[in-house]
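Q: Got a structure here, written out as structure tokens. Questions coming.
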Amino acid sequence: MEIAVHQENELPKAVEALLAFAQNKKKFALTGDLGAGKTTFVQAFCRHFNVREKVTSPTYSLVNEYTFLEENGQEQLIHHLDLYRLETLEEAQEIGIEEYLYDEYYCLIEWPGLIAGLLPENVVHVKI
Numbered sequence: 015m016e017i018a019v020h021q022e023n024e025l026p027k028a029v030e031a032l033l034a035f036a037q038n039k040k041k042f043a044l045t046g047d048l049g050a051g052k053t054t055f056v057q058a059f060c061r062h063f064n065v066r067e068k069v070t071s072p073t074y075s076l077v078n079e080y081t082f083l084e085e086n087g088q089e090q091l092i093h094h095l096d097l098y099r100l101e102t103l104e105e106a107q108e109i110g111i112e113e114y115l116y117d118e119y120y121c122l123i124e125w126p127g128l129i130a131g132l133l134p135e136n137v138v139h140v141k142i
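This is the structure:
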């Protein structure tokens, strides 16, 4: 599936289309050049779910966590990971990468190349 986005204001429709394509899948591996718009995409993704926190790049924190309420009032999470600064698989394991990959919450991973072998089979690959 390919979704063409030419302007930032087209991102909400792109997120909706991606979620429809993904069905119930909640893990997304985001690839693209530095500055391509991966974090901007995550911001649009979080807006779709009415996340109230400010969505920023986790380049230095490695992981940001955002909350939103489902229609039934149950709190859900979105994990936003940026693995750009990691150099080894061991570093990824030290931050608990497998917990994020296999829990029931949404997880959007920027620069997933280092952990390619750990990604779940049903991960949705998104090239930006």
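Going left to right, the sequence shown walks through residues 15 to 142 as the working numbering numbers them.
Each residue gets a CB set at the ideal place from its N, CA and C atoms; glycine is no exception.
Val138: which of Ala31, Asn78 and Pro26 sits nearest, CA to CA?
A: Residue numbering aside, residue 138 sits at position 124 when the sequence shown is read from its first letter. Looking at the Cα atoms, Ala31 is the closest of the given residues.
Q: For Phe59 versus Leu122, is the C-beta spacing smaller than 8 Å?
A: Here residue 59 corresponds to residue number 45 of the sequence shown, with the count starting at 1. Here residue 122 corresponds to residue number 108 of the sequence shown, with the count starting at 1. Result yes, Cβ atoms of Phe59 and Leu122 sit closer than 8 Å.
Q: Should the region 94-113 be called in touch with the region 64-77, which here means at least 3 C-beta pairs below 8 Å?
A: The region 94-113 vs the region 64-77: in contact.
Q: Verify whether the separation of the beta carbon atoms of Ile92 and Ala106 is less than 8 Å.
A: On the sequence shown, residue 92 is found 78 positions in, with the first residue counted as 1. On the sequence shown, residue 106 is found 92 positions in, with the first residue counted as 1. Cβ distance not < 8 Å, so Ile92 and Ala106 don't count as in contact.
Q: Per DSSP, Leu122 forms a beta bridge with which residues?
A: Residue numbering aside, residue 122 sits at position 108 when the sequence shown is read from its first letter. In the DSSP output, where bridge partners are listed per residue, Leu122 has Phe42 and His94.
Q: Grab the span of the beta strand (DSSP E) containing Lys141 for me, first residue to last.
A: Sequence index remark: in the sequence shown, residue 141 carries index 127 (1-based). Run containing Lys141: Val138 to Lys141, per the beta strand (DSSP E) assignment.
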